[in-house]
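Engineer: Just passing along the structure, written as structure tokens.
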Amino acid sequence: NAGVTQTPKFQVLKTGQSMTLQCAQDMNHEYMSWYRQDPGMGLRLIHYSVGAGITDQGEVPNGYNVSRSTTEDFPLRLLSAAPSQTSVYFCASSLTGQPIEKLFFGSGTQLSVL
Amino acid sequence: AQSVAQPEDQVNVAEGNPLTVKCTYSVSGNPYLFWYVQYPNRGLQFLLKYITGDNLVKGSYGFEAEFNKSQTSFHLKKPSALVSDSALYFCAVRGYINTGTASKLTFGTGTRLQVTL
Numbered sequence: 001n002a003g004v005t006q007t008p009k010f011q012v013l014k015t016g017q018s019m020t021l022q023c024a025q026d027m028n029h030e031y032m033s034w035y036r037q038d039p040g041m042g043l044r045l046i047h048y049s050v051g052a053g054i055t056d057q058g059e060v061p062n063g064y065n066v067s068r069s070t071t072e073d074f075p076l077r078l079l080s081a082a083p084s085q086t087s088v089y090f091c092a093s094s095l096t097g098q099p100i101e102k103l104f105f106g107s108g109t110q111l112s113v114l
Numbered sequence: 001a002q003s004v005a006q007p008e009d010q011v012n013v014a015e016g017n018p019l020t021v022k023c024t025y026s027v028s029g030n031p032y033l034f035w036y037v038q039y040p041n042r043g044l045q046f047l048l049k050y051i052t053g054d055n056l057v058k059g060s061y062g063f064e065a066e067f068n069k070s071q072t073s074f075h076l077k078k079p080s081a082l083v084s085d086s087a088l089y090f091c092a093v094r095g096y097i098n099t100g101t102a103s104k105l106t107f108g109t110g111t112r113l114q115v116t117l
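For the protein sequence lines, the chains are A and B, in the order given.
Going by this note's numbering, the first sequence opens with residue 1, and the numbers climb by one from there.
Going by this note's numbering, the second sequence opens with residue 1, and the numbers climb by one from there.
Dropping the structure here:
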């Protein structure tokens with residue numbers, strides 16, 4: 001029972017590089033989301049999706065893109081990495097987002113941008 | 001907009017003693033409240049939720065939380081702490097995004113619980 005799987009676990013980028021953080025869930029959840037976790041700031045919502053083909057912005061979307069071509073996958077793209085994007089990124093899913101009853105989290109991706 | 005405050009960065013307690021991790025919230029309408037726990041190098045795990053009903057909610061690993069509407073609080077409690085309870089605890093409140101068609105959880109900044117022998 002895999003749940004929510006995130007890859008990679010660690011990544012180091014140089015400023016300006018691009019990369020994609022992968023997220024997959026095998027629970028047939030409609031709702032998927034990306035959060036970033038920074039010290040003293042808790043978790044902040046970046047983007048979310050309520051189903052395949054539907055995405056929308058959260059609290060801190062600038063510098064990130066997402067797509068949802070399938071129910072299972074919700075990749076997060078950094079087009080031009082900046083040091084301010086150094087953070088721990090979590091993907092989370094829920095059976096539905098209308099409303100959320102319980103979020104299931106992946107184990108996170110620790111990203112450093114130099 | 002909804003918000004959550006966790007006033008303590010860290011709580012220290014001896015094993016076997018009761019523990020309390022504090023949380024206060026602000027939200028329009030009825031509050032829907034959650035506690036999550038994060039162990040080192042892991043994602044957050046759901047502990048418990050309050051939607052409606054009894055003010056004392058029981059959750060995983062012997063944890064419970066007390067909802068107090070007049071004080072807008074949702075404190076996490078456990079009668080007897082274990083060293084293995086040491087982790088980062090997050091309180092969250094449910095609200096709505098943008099046009100209100102999808103909900104989101106707004107998290108507090110987290111409280112580190114340290115349980116010692």
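For glycine and all other residues, C-beta sits at the position ideal for the given N, C-alpha and C.
These figures come from a predicted structure and were not determined experimentally.
What's the C-alpha gap between residue 67 (chain B) and residue 32 (chain B)?
Structural biologist: Each residue's alpha carbon lies about 10 Å from the other.
Engineer: Please return the same chain residues whose Cβ sits closer than 8 Å to the Cβ of residue 125 (chain A), not counting the five positions on each side in sequence.
Structural biologist: The requested residue 125 (chain A) is not part of the displayed model; chain A covers only 1 to 114.
Engineer: Using beta-carbon positions only, say whether residue 41 (chain B) and residue 40 (chain A) come within less than 9 Å of one another.
Structural biologist: No, Cβ-Cβ distance for residue 41 (chain B) and residue 40 (chain A) is not below 9 Å.
Engineer: In the DSSP assignment, find the beta strand (DSSP E) that holds residue 62 (chain A) and state where it starts and stops.
Structural biologist: Taken as a continuous stretch (DSSP letters only), residue 62 (chain A) belongs to no beta strand (DSSP E), as it is neither H nor E.
Engineer: Please return the same chain residues whose Cβ sits closer than 7 Å to the Cβ of residue 89 (chain B), not counting the five positions on each side in sequence.
Structural biologist: Here the set comprises 21, 35, 37, 76, 110, 111, 113.
Engineer: Contact criterion: CB-CB distance below 9 Å. Does residue 112 (chain B) meet it with respect to chain A?
Structural biologist: Closer than 9 Å: no.
Engineer: Are the beta-carbon atoms of residue 83 (chain B) and residue 47 (chain B) separated by less than 9 Å?
Structural biologist: The answer is no: Cβ separation not under 9 Å.
Engineer: How would you label residue 10 (chain A), buried or exposed, when you count the other beta carbons within 10 angstroms and need 16 or more for buried?
Structural biologist: Exposed, by the Cβ-count rule.
Engineer: Counting pairs of Cβ atoms below 8 Å between the region 31-38 of chain A and the region 49-62 of chain A, do you hit three or more?
Structural biologist: Contact holds: three or more Cβ-Cβ distances are below 8 Å.
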